[in-house]
Each structure stands twice: as C-alpha cells, then as structure tokens.
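For the sequence shown, the positions run 920 to 1053 when this note's numbering is used. Where a beta carbon is used, it is the ideal one built from N, C-alpha and C, also for glycine.
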Amino acid sequence: MCPNFCMLYYLENVELTECMTCGHSHYKPRTGRGKTLVAYKKLRYFPITPRLQRLFMSLRTAEHMTWHQSHHAVDGVMVHPSDGEAWKHFNSAHPHFSAESRKVRLGLCIDGFHAFGSFAASCSFDASFLPQIK
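Structure, rendered in structure tokens:
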C-alpha cells in the first residue's frame, strides 16, 4: 500500500516500485547489506465472515453471540455495551438492523497489541479515569 494511501500494490500493480498517483517509493531505502525489500506500509486482511459463522455453529457460543438481546439491564448499571447510550441510539436509528439478534456489531480494541513485537513503541493505558465498577 502506498504510504499516502493512494493505491494498493496488488494484481497488475504488484511489480510497481513507485505510486502511480503521488510517485512515492513502495520500498524503504536499503541500509547495510540486506537484500530484502521492505515496504513502507502493508495492508493486512483478516477475513471475519468465516470466524463469525463458526461462532454461530455451536449452540454454546451462539447463545453468547445473542446475549445482548436477551439480558435484562438494571437501570444505571452498565454490564455490557448494549446498556450504553451509543448502542441504544444505534438501535433507534436502525430498527431493521437491531430487530434481528443475530446481527453482529463489531468494535475494535487494540490496547496492548504490538504489530511489530518488541520493535514497536511502548504504550501504556491509564485506567484511572474510568469509573469504578462494584
């Protein structure tokens, strides 16, 4: 992928070394004696559909996948994201989608994930601003 998000180096463009739009190089300059070309950016694709299908195949996990529709919320206590205002707003804005309990809402959390292992910059999460759950 171009570092400026102009194009993908895929199919007929896989052999290109510069972006067709902005002219930015596909690969980082080589340093030392390494002969391997290293791309500036890589696009990773994780197919989620087969994973979700497997979750619904098992009766035990399918029950957990639809729990947000069947649990009883206590006023003022948030035990699941479905108890939050954003989820309720989404349900009212998209009633056709929210009517089916098997429709999946996805959220992305990358706290603690290091794509490049020990070479990634260290980060920390300060939970002091979160409300205390009793």
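* Whole-angstrom C-beta distance between residue 1020 and residue 985, which should lie under 8 Å -> To locate residue 985, count along the sequence shown from 1; it is residue 66. To locate residue 1020, count along the sequence shown from 1; it is residue 101. Rounded, the Cβ-Cβ distance is 4 Å, consistent with contact.
* How long is the line joining the alpha carbons of residue 978 and residue 972, rounded to whole angstroms? -> Counting from one through the sequence shown, the residue named residue 978 turns up at place 59. Counting from one through the sequence shown, the residue named residue 972 turns up at place 53. Using only the alpha carbons, I get a separation of about 12 Å.
* Sorted by chain position, which residues of the same chain lie with C-beta nearer than 8 Å to residue 937's C-beta, five sequence neighbours on each side aside? -> One-based indexing of the sequence shown puts residue 937 at position 18. Here the set comprises 943, 944 and 945.
* To do: Measure from the alpha carbon of residue 921 to the alpha carbon of each residue in 957, 951, 953 and 952, then state which is nearest.
  => On the sequence shown, position 2 is the one that residue 921 refers to. Considering only alpha carbons, the answer is 957.
* **CB contact flag (residue 928, residue 935, <8 Å)** => Taking the sequence shown and counting its residues from 1, the one referred to as residue 928 is at position 9. Taking the sequence shown and counting its residues from 1, the one referred to as residue 935 is at position 16. Yes, the Cβ-Cβ distance between residue 928 and residue 935 is below 8 Å.
* Cα separation between residue 939 and residue 949? -> Against the sequence shown, residue 939 aligns to sequence position 20. Against the sequence shown, residue 949 aligns to sequence position 30. For residue 939 and residue 949, the distance between alpha carbons rounds to 21 Å.
* Asked: Which of the three DSSP states, helix, strand or coil, is assigned to residue 1011?
  -> Position 92 of the sequence shown holds residue 1011. In the structure shown, residue 1011 sits in a helix (DSSP, three-state: H, G or I).
* To do: Return the bridge partner residues of residue 958 from the DSSP annotation.
  => As a first step, residue 958 must be located in the sequence shown, where it is residue number 39. According to DSSP, which records beta bridges pairwise, residue 958 is partnered with 946.
* **Bridge partner(s) assigned by DSSP for residue 937** => By one-based count along the sequence shown, residue 937 stands at place 18. Bridge partners of residue 937: 944.
* 7 Å CB neighbourhood of residue 969 in its chain, flanking five on each side removed -> For the purposes of this step, residue 969 is taken as residue 50 along the sequence shown, with counting starting at 1. Same-chain partners within the cutoff: there are none.
* Can you list, in chain order, the residues of its chain whose CB lies under 6 Å from that of residue 974, leaving out five sequence neighbours each side? -> Residue numbering aside, residue 974 sits at position 55 when the sequence shown is read from its first letter. For residue 974, the CB contacts under 6 Å within the same chain, skipping 5 residues up- and downstream, are 980 and 984 in chain order.
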